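K.L.:
Position in the sequence shown (from 1) plus 808 gives the number in my numbering. Quick reminder that beta carbons are idealized off the backbone N, C-alpha and C, glycines included. All of these numbers come straight from a predicted model, not from anything done at the bench.
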Amino acid sequence: MRMVLGLRCSNTDYHYALLSGTKKVPLVEDQGSVSYPGGLKKPAALKWMVDEIQDRLRKSDIDSVVIKGPEPAATRTSSLVERVEYETAAMIACAEVGLKAVFKKVKSTLAKDLGLKGKGKYLQTLDTSAIPGFSTLSEKAKEAALAAWTELS
Numbered sequence: 809m810r811m812v813l814g815l816r817c818s819n820t821d822y823h824y825a826l827l828s829g830t831k832k833v834p835l836v837e838d839q840g841s842v843s844y845p846g847g848l849k850k851p852a853a854l855k856w857m858v859d860e861i862q863d864r865l866r867k868s869d870i871d872s873v874v875i876k877g878p879e880p881a882a883t884r885t886s887s888l889v890e891r892v893e894y895e896t897a898a899m900i901a902c903a904e905v906g907l908k909a910v911f912k913k914v915k916s917t918l919a920k921d922l923g924l925k926g927k928g929k930y931l932q933t934l935d936t937s938a939i940p941g942f943s944t945l946s947e948k949a950k951e952a953a954l955a956a957w958t959e960l961s
């Protein structure tokens with residue numbers, strides 16, 4: 809059974825969803841959010857992220873990772889730059905453990921991969937009732953879960 813880790817980074821934390829099963833019957837193996845440790849200089853914080861993701865990858869038999877990236881029209885701010893740095897650290901962690909199936913997707917790609925028209929706005933029409941507990945998740949956690957869901961068979 810495929811195990812897919814969905815990630816949604818921000819400049820202060822990351823949300824994750826570990827899904828298995830199929831697109832029709834996804835199973836939530838684990839999900840949550842982790843705040844980045846305070847008081848670290850940027851290189852140490854990014855090293856922490858690499859170690860954190862590697863630990864998560866080693867604890868589960870993960871086949872692929874999907875990172876929900878920022879939308880193309882996102883305004884370039886220091887928060888966005890920090891988010892992208894943490895996403896890059898996650899990709900480096902995947903590469904260092906030899907995971908080749910790593911994807912970065914935006915809302916339009918998520919929509920297309922879930923069988924909708926290729927526009928992010930169609931995600932609002934998506935029936936997410938197949939994912940246990942989806943309606944109770946935060947918006948960032950929902951994005952992590954949707955990202956993982958796209959890679960289930």
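Between R884, A897, E951, which lies nearest to L922 when the distance is taken from Cα to Cα?
P.N.:
Here residue 922 refers to the residue found at position 114 when the sequence shown is read from its first residue. Looking at the Cα atoms, E951 is the closest of the given residues.
K.L.:
So, L854 versus E904, is the Cβ gap smaller than 8 Å?
P.N.:
Mapped onto the sequence shown, residue 854 falls at position 46. Mapped onto the sequence shown, residue 904 falls at position 96. For L854 and E904, no; Cβs fall outside 8 Å.
K.L.:
Which residue or residues does DSSP assign as beta-bridge partners of Q839?
P.N.:
Working through the sequence shown from its first residue, we reach residue 839 at position 31. According to DSSP, Q839 bridges with A825.
K.L.:
Near W856, which residues of its chain fall below 8 Å by C-beta distance, leaving aside the five closest residues on each side in sequence?
P.N.:
Within the sequence shown, residue 856 is the residue found at index 48, counting from 1. These residues qualify, in order along the chain: Y844, P845, L848.
K.L.:
Apart from the five residues just before and just after G928, which ones in its own chain have a Cβ nearer than 8 Å to its Cβ?
P.N.:
Walking along the sequence shown from the start, residue 928 turns up at place 120. So the qualifying residues of the chain are E879, V914, K915, S916, L918, A919.
K.L.:
Quick check: G840 and A956, are their CB atoms within less than 8 Å of each other?
P.N.:
As a position in the sequence shown, residue 840 is number 32, starting the count at 1. As a position in the sequence shown, residue 956 is number 148, starting the count at 1. No, they are not a contact pair.
K.L.:
Between the Cα of D863 and those of L827, A901, S872, A909, spot the shortest distance and give me the residue it belongs to.
P.N.:
Numbered from its first residue, the sequence shown carries residue 863 at position 55. Cα-wise, what sits closest to D863 is A901.
K.L.:
Which residues bound the alpha helix (DSSP H) around I900?
P.N.:
For this step, residue 900 is matched to residue 92 along the sequence shown. Run containing I900: 886–904, per the alpha helix (DSSP H) assignment.
K.L.:
Between H823 and A949, how many whole angstroms is the CB-CB distance? I'm expecting something under 8 Å.
P.N.:
In the sequence shown, the residue the question calls residue 823 occupies position 15. In the sequence shown, the residue the question calls residue 949 occupies position 141. Correct: roughly 5 Å between the Cβ atoms.
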